[in-house]
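See structure below.
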Amino acid sequence: MMLNLRLFLIGLSIILVLILLRLIAKNKLPVKYSLFWLIASLVVFLVGVFPNFIGLFTKLIGFETASSLVVCVIVGLLLLITLLLTIIVSEQKRKLLLLVQEVSLLKEKIEK
Amino acid sequence: MKKKVLLIIPAYNEEKNILKTWETILDYNQKNKTNYEVIVINDGSTDKTEDILVEHEIPHVRLLTNLGIGGAVQTGYKYAYQHHYDVAIQYDGDGQHDVRYIEKLLNELENEKADMVIGSRFIDKKESAFQSSAARRIGIQCISWVIKQKTGKKVFDTTSGFRAVNQKLIQEFSKMYPTEYPEPISTVYALNKKYKIKEVPVSMNERRGGKSSIHTWKKVYYMINVLLTILLMKKGDKYDA
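In order, the protein sequence lines correspond to chains Z and H.
Residues 0 to 111 (numbering that gives the first Met the number 0) make up the first sequence, in order.
Residues 0 to 240 (numbering that gives the first Met the number 0) make up the second sequence, in order.
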């Protein structure tokens, strides 16, 4: 893997971690949801630091170049995060439904 | 002792129909010495539905925001549960359903010891003048076939929104009711939990106004979703479409 790409990945992961830590410190992002991002950053960081490691996988899975594997891993991570978000949204939708029903029923009782 | 019967009428932008529906029921109660009570669930309507409900003192719950048909109907079941009704009947606010058939549903519930009675358009073809379009009938038959494979019970009118349930199912549905595609899904849910379901032939009218909750371009999407949900449902499963 080219040195440029390695530096880019290392830089990217460090910036990402800094942003995450700042968001956590400012109470804008709960640790629970940041954990996945932190792990994702770690993966990107490791790929940058140990390119041989990924070179091995590149051959094993059948990619031509390490860079396309990197792109693939990142896309995979994004898909996972999106799935996680879909689950969270569905959960919240269910809670919201319950809340609206109960409040509306209570209002009916009070206003009668 | 006479049973306490509640009609759950979900209404989303039904300003043209809701008053007529209410008056028809009042009229029927007077003429037949019945006492069907009504709760309209105003599902966050943006038209004058709420004004009409307040002005004519129609018993109703106003949902703070639009929840969709499943969420609205479930609110009705919760209301029925909290107020200890013996029977809850889902009834459309747009004039599709005929109040004269309610007695038939109630009798079947009582005599056949059923937990749910569905008013069906397809058992007796002569009974119902309105049979809905060919495409929709095929869709309904398709769902019916899948339900038969899954639960072993033949339900003809799987999407009928005209149905009566007893106290046991009121309680079940108040706790758990699908938010989307509620009719077929809740039917399978009840069957999976070994509740007894019966169908009686009824006649339905074409809706007076307003739109069906199933739009043309959404039909295929609806079918895929319903069939997939039913196929993935397991016995005693919690579900949420």
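Virtual Cβ for every residue (Gly too), placed ideally from N, Cα, C.
Is DSSP giving residue i helix, strand or coil here?
i, result
"residue 10 of chain H", "strand"
"residue 238 of chain H", "Since pLDDT at residue 238 of chain H reaches only 49, below the 50 mark, its modelled position is unreliable, and the value read off the structure follows with that caveat. DSSP places residue 238 of chain H in coil when its eight states are reduced to three."
"residue 154 of chain H", "coil"
"residue 97 of chain Z", "helix"
"residue 36 of chain H", "strand"
"residue 1 of chain Z", "coil"
"residue 115 of chain H", "strand"
"residue 138 of chain H", "helix"
"residue 106 of chain H", "helix"
"residue 35 of chain Z", "helix"
"residue 47 of chain H", "coil"
"residue 243 of chain H", "The displayed coordinates of chain H run from 0 to 240. Any statement about residue 243 of chain H would go beyond what the structure contains."
"residue 100 of chain H", "helix"
"residue 170 of chain H", "helix"
"residue 19 of chain Z", "helix"
"residue 178 of chain H", "coil"
"residue 146 of chain H", "helix"
"residue 85 of chain Z", "helix"
"residue 92 of chain Z", "helix"
"residue 94 of chain H", "coil"
"residue 106 of chain Z", "helix"
What residues are listed by DSSP as bridge partners for residue i?
i, result
"residue 89 of chain H", "H:7 and H:162"
"residue 61 of chain H", "H:41"
Grab me the residues of residue i's own chain with a C-beta within less than 7 angstroms of its C-beta, minus the 5 sequence neighbours each way, in chain order.
i, result
"residue 14 of chain H", "46, 47, 48 and 51"
"residue 16 of chain Z", "37 and 40"
"residue 101 of chain H", "35 and 88"
"residue 10 of chain H", "17, 39, 40, 41, 42, 44, 48 and 92"
"residue 139 of chain H", "156, 157 and 158"
Over what stretch of residues does the beta strand (DSSP E) that includes residue i continue unbroken?
i, result
"residue 120 of chain H", "Where residue 120 of chain H is concerned, there is no enclosing beta strand (DSSP E), given that its DSSP letter is neither H nor E."
"residue 197 of chain H", "196-200"
Do residue i and residue j have their C-beta atoms within less than 8 angstroms of each other?
i, j, result
"residue 169 of chain H", "residue 76 of chain H", "yes"
"residue 42 of chain H", "residue 65 of chain H", "yes"
"residue 183 of chain H", "residue 229 of chain H", "yes"
"residue 74 of chain H", "residue 67 of chain Z", "no"
"residue 24 of chain H", "residue 39 of chain H", "no"
"residue 150 of chain H", "residue 204 of chain H", "no"
"residue 55 of chain H", "residue 6 of chain H", "no"
"residue 197 of chain H", "residue 134 of chain H", "no"
"residue 161 of chain H", "residue 96 of chain H", "yes"
"residue 44 of chain Z", "residue 80 of chain Z", "no"
Taking 6 angstroms as the limit between beta carbons, can you name the residues of its chain near residue i, skipping five residues before and five after?
i, result
"residue 239 of chain H", "Low confidence applies to residue 239 of chain H: its pLDDT is 48, below 50, so where it sits in the model is not reliable enough to give any reading."
"residue 226 of chain H", "145"
"residue 51 of chain Z", "none"
"residue 26 of chain H", "none"
Tell me the residue span of the alpha helix (DSSP H) that contains residue i.
i, result
"residue 72 of chain H", "67-81"
"residue 19 of chain H", "17-31"
"residue 222 of chain H", "218-231"
"residue 54 of chain Z", "50-60"
"residue 84 of chain H", "Premise fails: residue 84 of chain H is in no alpha helix (DSSP H) and is neither H nor E."
"residue 190 of chain H", "181-191"
Report all residues from its chain with a CB closer than 8 angstroms to the CB of residue i; omit the five preceding and five following residues, and keep chain order.
i, result
"residue 85 of chain H", "2, 3, 4, 165 and 166"
"residue 199 of chain H", "100, 103, 104, 107, 116, 117, 118, 119 and 122"
"residue 85 of chain Z", "none"
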